[in-house]
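Just so it is clear: in the sequence shown, position 430 is 604 by this note's numbering, and no numbers are missing. Report on the following structure.
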Amino acid sequence: MFSLALGLWGITRAGTMWRDESVTYQVSHRSLSEIYGLLQHADIVHGLYYIFMHSLFSVWEGGLVALRLPSVLATSVTAGLVGVIALKLTARRSAGLLSGLAFAVIPEVQMYSQEGRSYAMVSALVAVSTYFFLTLMVRPTKARWLAYGLAILAASLLHEFAVLTLLAHGVTVYRSQLVGRARRHFVISAGGVLLALLPLVLISTSQSAQVSWIGNPKLRDWFEIVGAALVAAWCARYLSRARRSVEVARLALPLAVLPTVALLLAAVYDPMYVDRYVLYSNIGFALLVGTSLAYLADDAKSLQCVRHQKARACIVALLAIAFTAAMLPVTLQMRTPESRKDNVTAIATEVDKMSHRGDAVLFAPARRREWMLSYPEHFKGLTDIALKGQPRTSGTLEGVERPAADIRLRLARAKRVVVLSDPKGQPLDTNAQESAKREIIERDFTECQRKEIKGGQVTLYVRSGPC
């Protein structure tokens, strides 16, 4: 319930969304045939999620609430399952409570619990598979192996990097007391998942240029990655010492660390690491932190001064309150538009204020056309001067642009142009169309007005005369 309340609090984020959510919103409002056409060229990795959201919007046009509510509910399910897993492993209610709470307040989890993307749902399915996996450690049956495999497959179809859960669970199997037959069943289940996932992997590989923007982690990312790994390792060691809960360490540490390590190692071939791609690794992290806090509370209870039963309960309550309070500044910030990379709503609103009917609008780079697609009413009366094929009819996310020569000719006839571009300091695209846009604007137009907005800027240019 705490996770659900946390997710519903500020769910509309002041009525704004950012570009990734905008993609979800506008693609989900296409017809199934249009979505199918898009997936032939792009975003196949999100195909199942788009179809799910299309189905939701077809029965409930709930705007931003409908866009984000599935993620809120999924995060609540995940937090509950984290608590159940901790309880089953330790037989301590305090471990279940603190582990579920730890998951709910992790900043990254809070961010994606209110995000119109698939990552929270992937985490929920990984939590389901981990619960089934835990039951298999106690009593392996064919039905449970099947349920486990289906849960992993469903998570991987929502986002294929969820398949790295198999790597984490495989290490747990290797280090467990399972007999050879049970280990063979794991290999068979894992092999079945990989085989079923192969078509998606092959198609998404052919679309890999779409994620060419992914670079190597920055220094801040490395601090977060290494810091989380060190905390997880310390918790695992603490739990293993004096055999407090070896089972939690054996299950949770690989899940907390290995998916991230695998994506970082893949950077040797091609950068692939983005924190949200392995959001589910926070399940392992929360299990380690929450269970460690519970055992630390037990250690404190052994002190003479807190042997009274009420005092012991107070320690657990105080730990929960302190943990939640420490996250309050982050919790507040996550519910503001500034917490995301851009603000599509504010950008579209500024275009409406700055432009006049009949003006040309230019997206530089072209992928920033996404800022228009979810709010077309703010661009009414403007001419998208570089657009050749609409996104829906061309089976693309942002449409197809005209050749560079055509863009030059059309700009030569324009008198006023509203340009939507990235913030200053961002790398400039060097293809022919983008170079032509910059050349003509810089040579033939004068800047009249510029407004910098979170994640972008809107600039009005005129050829001659007053603004």
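Ideal Cβ placement from N, Cα and C applies to all residues, glycine included. Please read all numbers here as calculations on a predicted model, not as lab measurements.
For residue i, the first and last residue of its enclosing beta strand (DSSP E)
i: glycine 160; result: Since the displayed the chain opens at 175 and closes at 641, residue 160 lies outside it and no answer follows.
i: tyrosine 549; result: From DSSP, tyrosine 549 is part of no beta strand (DSSP E); its letter is neither H nor E.
i: serine 177; result: Premise fails: serine 177 lies in the alpha helix (DSSP H), 176 to 182, not in any beta strand (DSSP E).
i: cysteine 641; result: Taken as a continuous stretch (DSSP letters only), cysteine 641 belongs to no beta strand (DSSP E), as it is neither H nor E.
i: valine 385; result: Looking at the DSSP string, valine 385 is not in any beta strand (DSSP E), and its letter there is neither H nor E.
i: lysine 316; result: First-last for lysine 316: 316 to 332, but that is the alpha helix (DSSP H), not the beta strand (DSSP E).
i: phenylalanine 537; result: 534 to 538
i: lysine 562; result: 561 to 563
CA-to-CA distance, residue j to residue i, given in whole angstroms
i: threonine 252; j: valine 347; result: 22 Å
i: threonine 505; j: serine 250; result: 16 Å
i: valine 591; j: threonine 510; result: 31 Å
i: glycine 354; j: serine 303; result: 21 Å
i: alanine 606; j: isoleucine 521; result: 26 Å
i: tryptophan 319; j: valine 385; result: 34 Å
i: leucine 571; j: leucine 261; result: 44 Å
i: leucine 368; j: arginine 531; result: 54 Å
i: threonine 604; j: leucine 393; result: 27 Å
i: alanine 578; j: valine 197; result: 26 Å
i: aspartate 596; j: glycine 464; result: 41 Å
i: arginine 566; j: glycine 344; result: 42 Å
i: arginine 266; j: leucine 492; result: 17 Å
i: proline 391; j: glutamate 512; result: 21 Å
i: glycine 366; j: leucine 310; result: 17 Å
i: methionine 446; j: lysine 316; result: 35 Å
i: leucine 585; j: cysteine 622; result: 17 Å
i: tryptophan 234; j: phenylalanine 176; result: 26 Å
i: leucine 502; j: glycine 639; result: 52 Å
i: leucine 437; j: arginine 587; result: 49 Å
i: serine 330; j: threonine 620; result: 50 Å
C-beta contact flag for residue i and residue j at 8 Å
i: valine 246; j: glycine 181; result: yes
i: tyrosine 224; j: leucine 453; result: no
i: alanine 468; j: leucine 272; result: yes
i: methionine 519; j: methionine 285; result: According to the sequence as given, residue 519 is threonine; it is not methionine. Not closer than 8 Å, so no.
i: leucine 651; j: lysine 625; result: Within the shown structure, residues of the chain are numbered from 175 to 641, placing residue 651 beyond reach of any answer.
i: leucine 222; j: leucine 332; result: yes
i: glutamate 608; j: alanine 538; result: yes
i: leucine 425; j: leucine 547; result: no
i: glycine 323; j: serine 363; result: yes
i: leucine 594; j: glycine 630; result: yes
i: serine 299; j: valine 337; result: Note on residue identity: the sequence assigns leucine, not serine, to residue 299. No. Outside cutoff.
i: alanine 471; j: serine 202; result: no
i: leucine 427; j: alanine 406; result: yes
i: lysine 589; j: valine 574; result: no
i: methionine 508; j: leucine 634; result: no
i: leucine 374; j: leucine 432; result: no
Spatial neighbours of residue i in its chain, beta-carbon cut-off 8 Å, leaving aside the 5 residues before and after
i: isoleucine 185; result: Leu238, Val239, Arg242, Leu243, Val246 and Gln288
i: leucine 149; result: For residue 149 there is no data in the structure shown, the boundaries of the chain being 175 and 641.
Alpha helix (DSSP H) segment containing residue i, residue limits
i: leucine 602; result: That residue, leucine 602, is in no alpha helix (DSSP H); it is neither H nor E in DSSP.
i: isoleucine 280; result: Premise fails: isoleucine 280 is in no alpha helix (DSSP H) and is neither H nor E.
i: lysine 527; result: 518 to 528
i: phenylalanine 619; result: Phenylalanine 619 -> no alpha helix (DSSP H), and no H or E assigned at all.
i: arginine 394; result: 393 to 414
Own chain, CB closer than 7 Å to residue i, minus 5 neighbours either side, in chain order
i: arginine 313; result: none
i: leucine 439; result: none
i: threonine 523; result: His552
i: glutamate 421; result: Leu263
Chain-order list of residues whose beta-carbon lies under 6 Å from that of residue i (same chain, five-residue window excluded)
i: arginine 193; result: Asp516, Val518 and Glu544
i: glutamine 478; result: Summary for glutamine 478: the model assigns pLDDT 49, below 50, so the residue's position carries little reliability, and this model does not support an answer.
i: glutamate 551; result: none
i: isoleucine 377; result: Ile218
i: leucine 213; result: Gly221
i: serine 297; result: Thr252, Leu453 and Tyr454
i: glutamine 200; result: Leu547 and Ser548
i: glutamate 195; result: Gly290
i: alanine 188; result: Pro511
Short CB-CB distance (under 8 Å) between residue i and chain C
i: leucine 263; result: The structure shown contains no chain C, having only a single protein chain.
**Item:** Validate contact between the stretch 180 to 199 and the stretch 279 to 296 using beta carbons, cut 8 Å, 3 pairs
**Value:** yes
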